[in-house]
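Taking this note's numbering, I'd label the letters of the sequence shown as residues 358 to 1311.
No residue lacks a Cβ here, since even glycine has one placed at the ideal position from N, Cα and C.
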Amino acid sequence: MSGPSTPPPPTMSVYLQVLGPVRVLVGDADVSVGGPIPRTLVARLAVAGGETVTDDALVDELWGENPPPSARQTLQGYVARIRKVLDPHRTGAQSRVLVRRGNGYALEPDATDWQQFTSLAGLGRNLLTRGEFTAAAETLDTALDHWRGDAYADVPESGTVAVEARRLDALRTDATEDRLEAALEIGEHAWAAAQLDALTRIHPLRERAWELLARAHYLAGRPGDALDALRRAREVLAEELGTDPRPSLLALHSAILAHDDHLLRPTQAAETPAPEPEPGPVPARPADPFAHNIPLALTPLVGRRTQLADLTRLLERHRLVTLTGPGGMGKTRLALESARTRADVDGPWLVELAGATDVDQVADALATSLGLTVPGGVDGITDVLRGRDTLLVLDNCEQAVAPVAEVVTAILTRCPGIRVLATSREALFAAGEFAYEVPPLDNGDDVALFVARAAAQLGVFEPDDDELAMLTQLCTELDGMPLAIELAAAQCRTLSVRQLSALVDDRFALLRGGPRTNARHTTMLAAVEWSYQTLTEPEQRLFQSLAVFEGGFDLDSADAVVGDAALLTNLTSLVDKSLVSVVGGDPRRYRMLETMRGYATLVREPDLTVALRRAHTDWVCDLADAAFTGLRGRDSSRWMRRMELEIANVRAALAFCDDDVDTYLRIAGGVYWYWYRGGHVAEAIRWLSPAMTPRGGTASQAALPVHARAVAGAVVIHYLAGDLPGVFTAFGLLTDLAADLTDPAARADAESTLAFFEAGSGLVDQARAHAAASLDFGRRSGRAFTAAEALMCLGTADFRAGDFDSAATHLDESVAVAAGCGYGWCEASALWIGAKVDLAQGRHGGPAEAKLARMVRVCVDNDDVTSWLVAVATLACAALRRGDLDQAALLTGVVDRRGAAIGYRPASMDPVDLAGYDNEIRATLSPAALADGRDRGGVLGRDEVTALVAPIPA
């Protein structure tokens, strides 16, 4: 029997109060957490509302910029003491109230007065809005009863806690105003007037309080006092803030003068309620043109429906939304269009921040846009905005990101009715911000914008199909940037669409003629230059350097080519400033828009360009060397995906070094296996064409392995294309090179390639000799992929010699070795040749299909497109021979449709066996059956076909 278990420690409720001096109730006992520092620690954790606060943040809050050397140990001591107070029956890490999470702490009391208050205050406001005035008054009374003084009254006024205290105090005043409005609606006019008179003396800049005071006097039968209250409000606002009252206060003044019956609702007019007004359209903004400063649009907006809908939703959920993106992406236009759809009582307001560089200048721009002459900087502005409900559109924040973030934080923490929509080439990184990257135009919106702007220039512009195709490509070349597209369209008076497409490479000379009222958007050059000038010198150099990459890069490749000691810091800054884009992935990849790359090339010194090109080419050479082996091993799928990402960089390096034959062939010879497996036949033939030129005695012994590798690539690529003359030419070159090779690995690679094609052409003895030599090297050197290839070639030679048993033995061993080292292509190829051996012996209906079904799965796992098609084509013949004519037609249709999509036909690659299988199928099946198979097979995805062939017939 087990001994008695230890009972769990008793749980006592913990109630935290911060609406006044910090107070903690554990059960029914009022406990003390200690002096100023422990109180500040509890307060900082309370502000987080149960979220983790890091040790560093707590140290900053408790000791500021000069913490003691033992700050972390001291912090832990305070935590331990507070835990004993909050959770006396639990020890250390067992505390359920003050818990350790990651690298920080979180406070999880059972209840807090501030959360109860805010919940009740929100409920009271909702009841007030719904017209349930008595319930609203009772709820708001309960909410306000939680207050015992100023929030966090006994915590030193600094840091995060002070900001939160001001926020809570502002919410208390809001709730007080709500309660007094409810009082007016339930007939407590005199009491409300007295309370509001006191409130306006404490908070003389609260316009809503003045409005309520005027209404209270009017409803109490004192219209003179009501007008006097409004007069005093105008005087206070003019004297303290230098501004006029908000529109609703002015409207109230007019209503009192007119003895408007609506002022009597609902108490004196309750017996004869007014009829419901007829529903009508909601105006996009107030009719008063002075209630906002959003300019009228001079051109219609094209596209951006998705983005406008996104912004509407985001502004409902977030009080700060920042539109980010490079210059010319349309951030300002999108922000203004979003603002035009709003129905704020006061606003929205556009604040142009171009040229502002510090907090004072940002505050000045705000005051000017809002028509204020308020003293006191940001504090004065927040006093004005505290009672308003509007949207501020802060445009062009990028040159004063930190000051703007400081001002926005002050406004949002003190003014609950304010929302901010900012535009910036980098995020503000302010608390509560949602950064929304404005995407390029696409899905035809880019072309539609061009057509609309060109029509404005020409009167009529109706492009034909050829011009529309050119415009689609042109807009892609212009990165879908609205400014670039509009500037290109502006040239339609002078240039045709075809000419514009031809000149797009010189985009900074072409893209000019923007509005003279916006110097930054007069030319595309000016728009990019504006962003470039915000960079530090190291950031500018990195910006210039990263432009050497085509199609993108990751952090390691940037480090290899650029070699910036502060790479991550400077790259992060370029991303933040929208000059480099993050395109996802793991590891993360980055890219520069072509417009940005063009500008970087323009400002880059020629010597730096040459150095970067050489460094980029060296990096691509190393990449190609690694790919040659990587594509033949266990990580081949990852290498296929990586080469898909880096192929644009490979092309750029090949184009740069085309006069350096050795370097060129090193790259092309390293990546040909990617072209082969991906079915990129035409591209591979084009880039490998220099390998088809005999070099005679000009190549050094050191360069021969590089040349031989590229020529071997040419052999297999021309084989894949079904180009027999090309195969014979490359094969002859490889034969000559192999005789001169002294590098054992290069010689073994060449011998494997020679053996495969010698076997295919009937030169069985030569094939066996070359394959045996290659196998010997592979086994002695531990180079498993070489051994697997050599075994496959021996099996192929046996097959052609009619020695099926020996062929099966060699091929089975090849499959095992290839599978063991992860060489998927060789495993698949050995399985295929093994299936051909079975078919040659009439062993269809089981053995051949089993090998081919496995081959299909291996090809899928290794992203091998061409070998997958070979497997499916061979399976079609096996289906025909076992009498399954429907599946034969269906699989043939799959091969026809999917092969045509990449320009590849298996029967052309293998004119002996696959061509024979194909002829056998087409001779047996009717044209109607073949057409039906193409229709059905053409819509099947790769996974559907793989599932179709998975069951192996018995």
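As summarised for the region 675-746, the continuous alpha helix (DSSP H) elements at least 4 residues long and confined to that stretch are 688-697, 716-727, 734-742, given in chain order.
Taking N1219 as reference, the option from C1183, A1246, C1234 with the minimal CA-CA separation is C1183. At least 8 Å separates the beta-carbon of V977 from that of A923.
If you ignore the 5 residues before and after S1186, its C-beta comes within less than 8 Å of the C-beta of M1149, S1224, all in its own chain and listed in chain order. Rounded to the nearest angstrom, the gap between the Cα atoms of A437 and T679 is 41 Å. Note: R487 is not bridge-paired with any residue in the DSSP secondary-structure output. When DSSP states are grouped into helix, strand and coil, T974 belongs to the helix group.
Shown here for W420: same chain residues with a beta carbon closer than 7 Å to its own, the five before and five after excluded, namely A428 in chain order. Across the set A500, L969, D943, the C-alpha of L969 shows the shortest separation from the C-alpha of V919.
E790 carries a strand assignment under DSSP once its states are collapsed to helix, strand and coil. With contact defined as three or more Cβ pairs closer than 8 Å, the region 1190-1206 and the region 1156-1165 are in contact. DSSP lists F910, V939 as the beta-bridge partner residues of Y947. Pairing R401 with E418 gives a Cβ-Cβ distance under 8 Å. Judged by pairs of C-beta atoms under 8 Å, the region 671-678 touches the region 770-778, as three or more such pairs exist. Counting along the chain, L464 sits inside no alpha helix (DSSP H); it lies in the beta strand (DSSP E) bounded by residues 461-464. For D387, the uninterrupted beta strand (DSSP E) segment begins and ends at 386-388. Rounded to the nearest whole angstrom, the C-alpha separation of V381 and Q374 is 6 Å. DSSP, reduced to helix, strand and coil, places L749 within a strand of the structure shown.
Judged by DSSP secondary structure, L658 falls outside any beta strand (DSSP E); it is assigned neither H nor E.
Inclusion of G407 and A463 in the CB contact set at 8 Å is warranted, their separation being smaller than that value. When secondary structure is reduced to three states using DSSP, Y1033 falls in the helix class.
Between the alpha carbons of T469 and L398 lies a distance of about 16 Å. Contact between the region 924-937 and the region 986-999 is absent: fewer than 3 CB-CB pairs across the two stretches fall below 8 Å. Per DSSP, reduced to three states, the secondary structure at Q890 is coil, with no helix or strand assignment. If only complete runs of 4 or more residues are kept, the region 545-618 shows the alpha helix (DSSP H) at 546-559, 564-576, 580-598, 604-614, in order along the chain.
I651 carries a coil assignment under DSSP once its states are collapsed to helix, strand and coil. For Y1076, the enclosing alpha helix (DSSP H) stretches over residues 1061-1078. T469 is bridged by DSSP to L373. Of all alpha-carbon atoms in D913, R855, E907, K934, the one lying nearest the alpha-carbon of Q890 is that of K934. D1016 sits exposed, since fewer than 16 C-beta atoms from the chains shown fall within 10 Å of its C-beta. In the displayed model, L835 falls within coil according to three-state DSSP, outside both helix and strand. Residue pairing from DSSP places A779 in a beta bridge opposite T679, L751. One Cα belongs to R954, the other to Q756, and the distance between them is close to 22 Å.
Taking C-beta atoms as the reference points, D703 and R603 count as a pair closer than 8 Å. With 16 or more other Cβ atoms from the protein chains shown falling within 10 Å of its own Cβ, N753 counts as buried. Assignment of beta-bridge partners to L1081 by DSSP yields no partner.
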